[in-house]
Amino acid sequence: MKQKIKEIIAQAMKAAYEKGILPSSGFPPVEIEEPKLETHGDFSSNISMIMASVQKMAPRKIAEVIISHLDDPEDIIAKTEIAGPGFINFFINPFSWHPVLHEIHKKNTAYGASNIGNGKKIQVEFVSSNPTGPLHVGHGRGAAVGDAVANLLSFCGYDVQREYYINDSGRQISMLGRSVFLRCQELAGKKIEFPQDCYQGDYIRDLAAIIREQRDDLPDLDEAEAISCCAQFAAENILSGIRDDLESFGVTFDRWYSEQSLFDAGSVEAALTDFRSRDVIYEKDGALWFKTSDYGDEKDRVVVKNDGQTTYFASDIAYHQEKFDRGFDRVIDVWGADHHGYIPRMRASIEASGHSRDQFDVILVKLVNLSRGGQPVAMSTRAGEFVTLKDVTDEVGRDAARFIFLTRHYESPLDFDLELAKKKTNDNPVFYVQYVHARISSLLAKGIERGVRVAEFLETSELSMLKAPEEIQLIKTLARYPEIVQSAGELMEPHRITYYLMNLSAAFHAYYNKHRVLTDDPALTCGRLYLVLAVQKVIRNGLKLLGVSAPEKM
RNA sequence: GCCCCCGUAGCUCAGUGGAUAGAGCGAUGGAUUCCUAAUCCAUGUGCCGCAGGUCCGAUUCCUGCCGGGGGCACCA
2 MKQKIKEIIA QAMKAAYEKG ILPSSGFPPV EIEEPKLETH GDFSSNISMI
52 MASVQKMAPR KIAEVIISHL DDPEDIIAKT EIAGPGFINF FINPFSWHPV
102 LHEIHKKNTA YGASNIGNGK KIQVEFVSSN PTGPLHVGHG RGAAVGDAVA
152 NLLSFCGYDV QREYYINDSG RQISMLGRSV FLRCQELAGK KIEFPQDCYQ
202 GDYIRDLAAI IREQRDDLPD LDEAEAISCC AQFAAENILS GIRDDLESFG
252 VTFDRWYSEQ SLFDAGSVEA ALTDFRSRDV IYEKDGALWF KTSDYGDEKD
302 RVVVKNDGQT TYFASDIAYH QEKFDRGFDR VIDVWGADHH GYIPRMRASI
352 EASGHSRDQF DVILVKLVNL SRGGQPVAMS TRAGEFVTLK DVTDEVGRDA
402 ARFIFLTRHY ESPLDFDLEL AKKKTNDNPV FYVQYVHARI SSLLAKGIER
452 GVRVAEFLET SELSMLKAPE EIQLIKTLAR YPEIVQSAGE LMEPHRITYY
502 LMNLSAAFHA YYNKHRVLTD DPALTCGRLY LVLAVQKVIR NGLKLLGVSA
552 PEKM
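Numbering of the first sequence is given in my numbering, commencing with residue 2 and proceeding in unit increments.
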C-alpha cells in the first residue's frame, strides 16, 4: 500500500514537471510515513517541504500541484489534504485494505519475507561460551538474540549460517583440567589447597566424581598427564551439556568450530605469517605485537607472548580470516557487553587482512539482571554461584524465557524476574501474544463444528462486510508486518518484532471483545474468519522468527 | 583518565528528522445468560537529563556538560 502511494506521488511529480508546472526535475526519493494521529490520514508525505528549496516554490503550493496531478486508477485514495507546513495526507479507501488479507493467505508462512539480502552469505556466530562451565542466563539472552537475528536475516533473503566457536585450547582449558584434577585428589582423600583462580562451582566436583568412576587409570598417570586428561574429559562433558541445553532452548547450529582445529591446521601460524608479510606485526620486549593502533585501536596488542604462547586474540584473527575464506560476505559476532573493548582490535584484524570494516558487525548483548519477586538473585561466576539457563527454562519455560529476552533492545540491560515470567497476565507479554493464537484456533474449531468449511471460505470469502473500524485497523496493522520485518532484519533488532506482535495482539483482543466472529450471518462469519485467520498466520510467523511456539490451546 | 551504552509518565520501556511524544505495569471505576476474563473498556500523568548548534522542522543528528551502568591485561 505504502509502495503504491509512493508510486502515485512520483508519477504526479513527473506529470507536473512534464507540463512545466514544476520547474525542476530534481526529485528526492519519496518518503511516506504513517501519521500518529488518525485525523492526519493513513499516510503522509513531507515531499513538498523537502522540495521547496529546489523547486523555489512554497511547500503548500507544491502540495497543491502534486495533488492535482494524482492519478489513482485503482481508486485507493479516498481523500487528500494539505496540512500544516505542507504535509500531504492521504486517506485510504477502507476497501482498498482488503487485498492485504488475500496476500497473507496466499503467501502464508512466507508473508513478510523479502529478498533484501539477495542471497548474500552471512554468518552469525553466537553463544560461543567457553566449555569451562554451564550456560548461565546471560548466555541465554545471547542465544535468543543470535538465533532470532539469524532467523530474521534468513527471512530477509540472506544465506545464513549459524556457528558456535569453541575455545577448547589454551590457558582456561588447562585451568579447567587443573580444577577437576584437584577435586579428584580431594575425593581421593588428599588434603588440597584449592586456588582462587580455579573454577569454583560445584559442577567441578561433580565432574571429578564422574571421571574418577570412568577412568580408574587416573591415579597411575603423572600429574601433567592427569591434568590434561581431566581437561579433555571435562571440556567434552561440559560442551555436550551446553549442546543439550541449547537444543532444549530451541537453538541449533550449523557448525561447531573448534579453536584447537585452527592450531592443528596451522591456521594461526599462517595468519601470523600473513600479517608479517603485510608488515603489521613487530617485535617488542620479546613478544609479537599487531599494530592495531594503525586501524583505530587505542594501543597495539600482543599476539605472541614472550613465552612463545599465542594469545586468544591470535586465534581470533585466524578464525575470522578463515570465516572470510569460507566465502562469507558478512560476519556477525554476538558477544556479551563485557567484551566491548575487544571490538576495535577485531575490526583492526579484519581490515588488516584486506576486508572492509562494514563486513564485520558485533552485536553486544547487555547483561541480564535476574530477580525473583523483585528481590535480586545473586549472580557471581567467580564464586561459582550463578543461575544456569537450564534452571531458568525448567522453571519458567522456554517460550517465556525466549520472549522476555527479546523484549528489549539487546543493548539495554534486561530485568528478568522469575516470578513475573511465570505469571499469566498482561505483565507477561508472551502469554498475551500466544493467547491470540490459541483463541483463533478455538474460533476455527468452533467454526468447523458449526459447519463452516475452511477450504471453501478461503476461496469464497467476500470481504465487503469487513468495514468496522476495528477490522480496518486490524488489517492496517497486518499490512505493516513486512516492513517491520525488513527494518528488524536490516538493523538486526529482533525486539521490533516483539513489539509489533504485542501491538497486533492488542488490536486483535480489542476486536474480539467488541465483535463476534461466529455469527448467524454465514457471509459475515466467513469474512471475519478470513480476517482472524490472517491474524493468526502473522502471529505464528512472527513468533517463529523469535523462536517461540504458537500454541493451539492454552 | 580514556572508550562504549543509557537518561522519555510514579515503575519497566518503545519510538533510526515531522504535526497534539506512546505501550505495559501500578491506581481508580466498569464489562462475562453468548466465540477461552491468560481478555476488554474508561479515567490521569511528561521542562523527552541540561545547554548550545545544524535544519523549514530535533525526543531523534552534532558538540559540551551533568547523572547512571559497563569496559579499559603479554587474561579469556
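For glycine and all other residues, C-beta sits at the position ideal for the given N, C-alpha and C.
Integer Cβ distance of ILE93 from ILE78, believed to fall under 8 Å:
Position 92 of the first sequence holds residue 93. Position 77 of the first sequence holds residue 78. 7 Å between Cβ atoms; contact.
For the putative contact between ALA338 and LEU371, defined by C-beta atoms under 8 Å, what is the C-beta separation to the nearest angstrom?
The residue you call residue 338 lines up with position 337 of the first sequence. The residue you call residue 371 lines up with position 370 of the first sequence. Not really, about 16 Å apart at Cβ, beyond 8 Å.
Local conformation of LEU38 per DSSP, three classes:
For this step, residue 38 is matched to residue 37 along the first sequence. Reduced to three states, the DSSP call for LEU38 is coil.
Per the contact definition of three or more C-beta pairs closer than 8 Å, is the segment 164-177 in contact with the segment 121-134?
yes
Within its chain, find whatever has a CB closer than 6 Å to the CB of HIS356; leave out the 5 residues flanking it on each side and keep chain order.
Counting from 1 along the first sequence, the entry for residue 356 is found at position 355. Same-chain partners within the cutoff: PHE325.
For ASN152, does the three-state DSSP call read helix, strand or coil?
Position 151 of the first sequence, counted from the first residue, corresponds to residue 152. In this structure, ASN152 counts as helix in the three-state DSSP scheme.
Are GLN124 and PHE329 close, meaning C-beta to C-beta below 7 Å?
By 1-based counting over the first sequence, the position of residue 124 is 123. By 1-based counting over the first sequence, the position of residue 329 is 328. Their beta carbons are under 7 Å apart, which means GLN124 touches PHE329 by this criterion.
Just list the alpha helix (DSSP H) runs in the segment 298-340, keeping only unbroken ones of 4 residues or longer that don't cross its boundaries, in chain order.
313-326
Give me the residue from ILE6, VAL518, VAL304, VAL539 with the minimum Cα distance to ILE282.
Within the first sequence, the letter at position 281 stands for residue 282. That would be VAL304, whose Cα lies nearest to the Cα of ILE282.
Hey, could you find the ends of the beta strand (DSSP E) THR526 is sitting in?
Counting from one through the first sequence, the residue named residue 526 turns up at place 525. No beta strand (DSSP E) contains THR526, which is instead part of the alpha helix (DSSP H) from 523-547.
Is the Cβ-Cβ distance between LEU534 and THR526 less than 7 Å?
The residue labelled residue 534 in the question sits at position 533 within the first sequence. The residue labelled residue 526 in the question sits at position 525 within the first sequence. Going by C-beta atoms, LEU534 is not nearer than 7 Å to THR526.
For PHE509, which of ASP521, ALA469, ILE405 has the nearest alpha-carbon?
For the purposes of this step, residue 509 is taken as residue 508 along the first sequence, with counting starting at 1. Checking every option, the nearest Cα to that of PHE509 belongs to ALA469.
Run through the DSSP bridge pairs and tell me what PHE44 is partnered with.
Working through the first sequence from its first residue, we reach residue 44 at position 43. Per DSSP, PHE91.
Quick one, are the C-beta atoms of ALA570 and LEU547 less than 7 Å apart?
This structure gives no information on residue 570, because the portion of the chain shown stretches from 2 to 555.
Which runs of the beta strand (DSSP E) spanning at least 3 residues fall entirely within the segment 63-131, listed in chain order?
78-84, 88-93, 122-126
Should the segment 536-543 be called in touch with the segment 475-492, which here means at least 3 C-beta pairs below 8 Å?
yes
For ASN238, which three-state DSSP category applies?
By one-based count along the first sequence, residue 238 stands at place 237. Note: ASN238 maps to helix in three-state DSSP.
In angstroms, rounded to a whole number, what distance separates the CA positions of LYS1 and GLU35?
Nothing in the structure corresponds to residue 1, since the chain is present only between 2 and 555.
Hey, how far is the Cα of ASP522 from the Cα of PRO95?
For this step, residue 522 is matched to residue 521 along the first sequence. For this step, residue 95 is matched to residue 94 along the first sequence. In a straight line, the C-alpha of ASP522 is about 22 Å away from that of PRO95.
Closest by CA to SER354, which one among LYS292, LYS122, LYS7, LYS300?
Counted from its first residue, the first sequence places residue 354 at position 353. Looking at the Cα atoms, LYS292 is the closest of the given residues.
With H, G and I counted as helix, E and B as strand and the rest as coil, what does DSSP make of ARG279?
If you number the first sequence from 1, residue 279 lands on position 278. Coil, per DSSP.
Cβ atoms of GLN56 and LEU102: under 7 Å apart, would you say?
As a position in the first sequence, residue 102 is number 101, starting the count at 1. As a position in the first sequence, residue 56 is number 55, starting the count at 1. No, these two residues do not count as a Cβ contact at 7 Å.
Does the Cβ-Cβ distance between ILE51 and PRO29 come in under 7 Å?
For the purposes of this step, residue 51 is taken as the residue at position 50 of the first sequence. For the purposes of this step, residue 29 is taken as the residue at position 28 of the first sequence. A contact, by the Cβ cut-off of 7 Å.
Express the C-alpha separation of GLY147 and ILE364 in angstroms, rounding to a whole number.
Counting from 1 along the first sequence, the entry for residue 364 is found at position 363. Counting from 1 along the first sequence, the entry for residue 147 is found at position 146. If I take the Cα positions, the gap works out to 9 Å.
GLU8: which of GLN376, ASN47, LEU71 sits nearest, CA to CA?
Position 7 of the first sequence holds residue 8. Per the Cα distances, LEU71.
ARG454 by DSSP, collapsed to three states: which one?
Here residue 454 refers to the residue found at position 453 when the first sequence is read from its first residue. If DSSP states are grouped into helix, strand and coil, ARG454 belongs with coil.
With 16 other Cβ atoms within 10 Å as the buried cut-off, status of LEU153:
In the first sequence, residue 153 corresponds to position 152, counting from 1. Looking at its Cβ environment, which holds 16 or more other Cβ atoms inside 10 Å, LEU153 is buried.
Spatially closest choice to SER155 from ILE117, SER175, PRO135, by CA coordinates:
Here residue 155 refers to the residue found at position 154 of the first sequence. Ranking ILE117, SER175, PRO135 by Cα distance to SER155 puts ILE117 first.
Segment limits, alpha helix (DSSP H) that includes ILE167:
Position 166 of the first sequence, counted from the start, is the residue given in the question as residue 167. That residue, ILE167, is in no alpha helix (DSSP H); its beta strand (DSSP E) goes 160-167.
Can ALA255 and GLN197 be called in contact, C-beta distance under 7 Å?
For this step, residue 255 is matched to residue 254 along the first sequence. For this step, residue 197 is matched to residue 196 along the first sequence. According to the sequence displayed, residue 255 carries Asp and not Ala. Not in contact: ASP255 and GLN197 (Cβ atoms no closer than 7 Å).
List the endpoints of the continuous alpha helix (DSSP H) containing SER372.
The sequence position of residue 372 within the first sequence is 371, counting from 1. That residue, SER372, is in no alpha helix (DSSP H); its beta strand (DSSP E) goes 369-373.
Thinking C-beta only, is MET503 closer than 7 Å to PRO430?
Counting from one through the first sequence, the residue named residue 430 turns up at place 429. Counting from one through the first sequence, the residue named residue 503 turns up at place 502. Yes. Within cutoff.
For GLU32, tell me which candidate among ILE6, ALA446, LEU263 has the shortest Cα-Cα distance.
Here residue 32 corresponds to residue number 31 of the first sequence, with the count starting at 1. Of the candidates ILE6, ALA446, LEU263, the one whose C-alpha sits nearest the C-alpha of GLU32 is ILE6.
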